[in-house]
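Protein sequences, first through last, are from chains A and B.
Letter by letter, the first sequence follows residues 508 to 794 in the working numbering.
Letter by letter, the second sequence follows residues 3 to 261 in the working numbering.
Report on one structure; see the data block that follows.
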Amino acid sequence: MSAAAVLDRPAVEPHQDPALAGRDDVRPTGRRLGPGRRHRLAWLLGPGVLLALWTVSSATGLLDPRVLSEPWTVVATAGELLADGRLQENLAISAQRAGLGLFFGIVVGALLALFSGLSRVGEALIDGPVQIKRAIPGLALIPLLILWFGIDETMKVLTITLGVFVPIYLQTHAGLRGIDLRYVELAQTVGLSRAAFIRKVVLPGALPGFFLGLRFAVTGAWVSLVVVEQINATSGIGYMMELARTYGQTNIIVLGLAVYGILGLISDGAVRFLERKALTWQRTLAG
Amino acid sequence: MATHPGGLTAVAPFRTAPSSAVSVRDLIRSFGPKGVLNGVDLDIAPGEFVALLGPSGCGKSTLLRALAGLDHDVRGSGVISVPERVSVVFQDSRLLPWDTVLGNVTLGLREHDAETRARKALAEVGLAGREKSWPHELSGGEQQRVALARSLVREPQLLLADEPFGALDALTRIKMHGLLRDLVAAHRPAVLLVTHDVDEAIALADRIVVLDSGRVATVRTVAPEIGGSAAGTPTDAAGHEALRRELLNDLGVEPAASR
Ligand SMILES: Nc1ncnc2c1ncn2[C@@H]1O[C@H](COP(=O)(O)OP(=O)(O)OP(=O)(O)O)[C@@H](O)[C@H]1O
Ligand SMILES: [Mg+2]
Numbered sequence: 508m509s510a511a512a513v514l515d516r517p518a519v520e521p522h523q524d525p526a527l528a529g530r531d532d533v534r535p536t537g538r539r540l541g542p543g544r545r546h547r548l549a550w551l552l553g554p555g556v557l558l559a560l561w562t563v564s565s566a567t568g569l570l571d572p573r574v575l576s577e578p579w580t581v582v583a584t585a586g587e588l589l590a591d592g593r594l595q596e597n598l599a600i601s602a603q604r605a606g607l608g609l610f611f612g613i614v615v616g617a618l619l620a621l622f623s624g625l626s627r628v629g630e631a632l633i634d635g636p637v638q639i640k641r642a643i644p645g646l647a648l649i650p651l652l653i654l655w656f657g658i659d660e661t662m663k664v665l666t667i668t669l670g671v672f673v674p675i676y677l678q679t680h681a682g683l684r685g686i687d688l689r690y691v692e693l694a695q696t697v698g699l700s701r702a703a704f705i706r707k708v709v710l711p712g713a714l715p716g717f718f719l720g721l722r723f724a725v726t727g728a729w730v731s732l733v734v735v736e737q738i739n740a741t742s743g744i745g746y747m748m749e750l751a752r753t754y755g756q757t758n759i760i761v762l763g764l765a766v767y768g769i770l771g772l773i774s775d776g777a778v779r780f781l782e783r784k785a786l787t788w789q790r791t792l793a794g
Numbered sequence: 003m004a005t006h007p008g009g010l011t012a013v014a015p016f017r018t019a020p021s022s023a024v025s026v027r028d029l030i031r032s033f034g035p036k037g038v039l040n041g042v043d044l045d046i047a048p049g050e051f052v053a054l055l056g057p058s059g060c061g062k063s064t065l066l067r068a069l070a071g072l073d074h075d076v077r078g079s080g081v082i083s084v085p086e087r088v089s090v091v092f093q094d095s096r097l098l099p100w101d102t103v104l105g106n107v108t109l110g111l112r113e114h115d116a117e118t119r120a121r122k123a124l125a126e127v128g129l130a131g132r133e134k135s136w137p138h139e140l141s142g143g144e145q146q147r148v149a150l151a152r153s154l155v156r157e158p159q160l161l162l163a164d165e166p167f168g169a170l171d172a173l174t175r176i177k178m179h180g181l182l183r184d185l186v187a188a189h190r191p192a193v194l195l196v197t198h199d200v201d202e203a204i205a206l207a208d209r210i211v212v213l214d215s216g217r218v219a220t221v222r223t224v225a226p227e228i229g230g231s232a233a234g235t236p237t238d239a240a241g242h243e244a245l246r247r248e249l250l251n252d253l254g255v256e257p258a259a260s261r
């Protein structure tokens, strides 16, 4: 090990300090293995690069507009559809379906996880069926759901709910089961009631798992939404895209994709925001 | 009150004479075929500070956990009587990471003035102003002080502590001894302190119980001029050294020792 120079100056990384640049006896003290401090808008970089690539290849004619519409055409299409109200209308319907499905899925998944995690009877009753449900691709149930409920909203919301509750259940259950037994002992020694035990130890302890499940669930909700709207619907973003396909309107299809993408990004960002607010006590690599 | 599923342990609350806070009779505990506690008898008077010494693996924690009612699935028998209000301090501070310092101290308190009392307890351990901190923002010693505040805010009649300072550095440990002595003097619980540190036992306890082969091997009283929970600086250095040797001898540490 070479001796590191000790300097009476503010602590900056040596490679940022011009006075120290090029000196090989000076090394940063304690190189960190974590990714460093987070930047607020850093997540925009990846999508931004994709958008730039798309724009450049369209503008240079590298990308045939019949294959993929130009970004500006998509923006113009969005303007038209917004002006005649079709976009808002379909978006509202889609958002409502996803929102309802997500809501019911979260409630059902979390309740089942609590019941199954806190009682042996609950575990024996619930865990097996959920594992079986997990093994069946959610979309494989659609034919049966259509037979049972027709093609109205119930079927669509139910399909989304069925896709959402599984990750919520699995992750919340895992989080709950992973709560350190030492905290359970502590709860006993301070004389917590069962209700207080659930409120003070079980729920906060399972929260990281729940949020992990929520992120899967939100993504899953959009996926299920696309499928139900493209198979059997007379409204919604998926229907709008399906209709555009029959007329060969690439621009509307791409607009639909962009809308799904933006919705997905926004919802994931919202979940992450909630997660950071709710889990401020956690010290993790993500920071 | 500790109840033990399976009825393996008869628990007789409040049957003991008021002169004793803890009474343990013929306590037997075993994991698998191996007996860990083979008939332990122990009495602790109200306000008395007892230290429990013994070689590693001799069953100190097992005894303490039995008194705390934490040995649900352990086989055994015997009669245990403990007061109504028992607090436990563990080797790790065992603070809930998702709750603030204040939330950790008030955990399980039902009184309407819980928060006021918790603030007072935190001030007592020198952590006033840290109420809103998260446990991970505190040093190890500070975390253990929060654990002390959490156990004392309940005004326990019995304080059980299993190597509470075992994870701290020597300097912090000495400071914690002073703090614990002050707190015990102010709140007067009976204390059972499990430790592997002979000096710690002499510095704090009125009586030192050495556990060996699952039984109480020796019981030694600590005279006030040697150490113990009473205030004042010990004056009898020779007596201190003699007691220290005796205890090390009890623990089988000195090779030349003979019984
Ligand atoms: N849950 C358990 N399952 C099986 N064996 C156990 C369990 N807990 C303790 N033991 C055994 O019981 C014996 C006594 O353990 P205990 O934890 O009471 O020792 P100790 O005196 O506290 O030791 P130390 O000073 O190292 O903490 C040990 O041999 C240990 O292996
Ligand atoms: Mg132990």
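For each residue, glycine too, the CB sits at the ideal point set by N, CA and C.
All of these numbers come straight from a predicted model, not from anything done at the bench.
*Taking the DSSP output, what are the residues bridged to B/A192?*
B/L160
_When B/A130, B/T118, B/F51 are compared against B/A225, the one with the closest alpha-carbon_ = B/F51
*asked:* Quick check: what's the CA-CA separation for A/P711 versus B/W100?
replied: 7 Å
*asked:* For A/V709, would you say it is in contact with chain B, using Cβ-to-Cβ distances shorter than 8 Å as the test?
replied: no
*Since B/N40 sits in a beta bridge, which residues does DSSP pair it with?*
B/I30
*Three-way DSSP call (helix, strand, coil) for B/F51 in this model*: strand
*Specify, as a first and last residue, the run of the beta strand (DSSP E) that B/T235 falls within.*
Run containing B/T235: none; DSSP gives neither H nor E here.
*In its own chain, which residues sit with a C-beta less than 7 Å from the C-beta of A/T562, not counting the 5 before and 5 after it?*
P578
*How would you write the range of the alpha helix (DSSP H) that A/I760 sits in, first residue to last?*
It spans 757-785 - the alpha helix (DSSP H) in which A/I760 sits, taken as one unbroken run.
_Considering only DSSP beta bridges, list what B/S25 is partnered with._
B/D45, B/S83
*A/Q678 versus chain B: which residues are under 7 Å apart at the beta carbon?*
Ordered by position in chain B, no residue passes the 7 Å Cβ test against A/Q678, which lies about 17 Å from the chain.
*Is the Cβ-Cβ distance between B/L182 and B/L150 less than 8 Å?*
Cβ atoms of B/L182 and B/L150: closer than 8 Å.
*Count the other CB atoms, across all protein chains shown, that sit within 10 Å of the CB of B/I210; report buried if there are 16 or more and exposed otherwise.*
buried
*Can B/S63 be considered in contact with ligand 1, in the sense that its beta carbon sits closer than 7 Å to one or more heavy atoms?*
yes
*Which residues in the same chain have their Cβ closer than 6 Å to the Cβ of A/A728, if we skip the five residues on either side of it in sequence?*
Result list for A/A728: A605, G608, L609, I667, V671, in chain order.
*Can you give me, in chain order, the residues of the region 105-137 of chain B that have a beta carbon less than 7 Å from any beta carbon in chain A?*
When CB distances to chain A are screened at a threshold of 7 Å, the residues of the region 105-137 of chain B falling below it are L109, G110, W136, in chain order.
_Start-to-end residues for the alpha helix (DSSP H) that takes in B/D252_ = 239-252
_Residue burial classification, A/L651 (beta-carbon count within 10 angstroms, cutoff 16)_ = exposed
_Test: A/R539 CB closer than 8 Å to a CB of chain B_ = no
*Return yes when the Cβ of B/L249 is within less than 8 Å of the Cβ of B/L65, no when it is not.*
no
*From B/K177 to A/A702, what does the alpha carbon distance come to, in whole angstroms?*
Approximately 38 Å, taken between the alpha carbons.
*Is the region 155-162 of chain B close to the region 84-93 of chain B, with three or more CB pairs under 8 Å?*
yes
*For B/F16, which three-state DSSP category applies?*
Low per-residue confidence applies at B/F16: pLDDT is 47, beneath 50, and the placement is therefore not dependable enough to give any value.
_Rounded straight-line distance, which links the Cα of A/V614 to that of A/A590_ = The straight-line gap from Cα to Cα measures roughly 37 Å.
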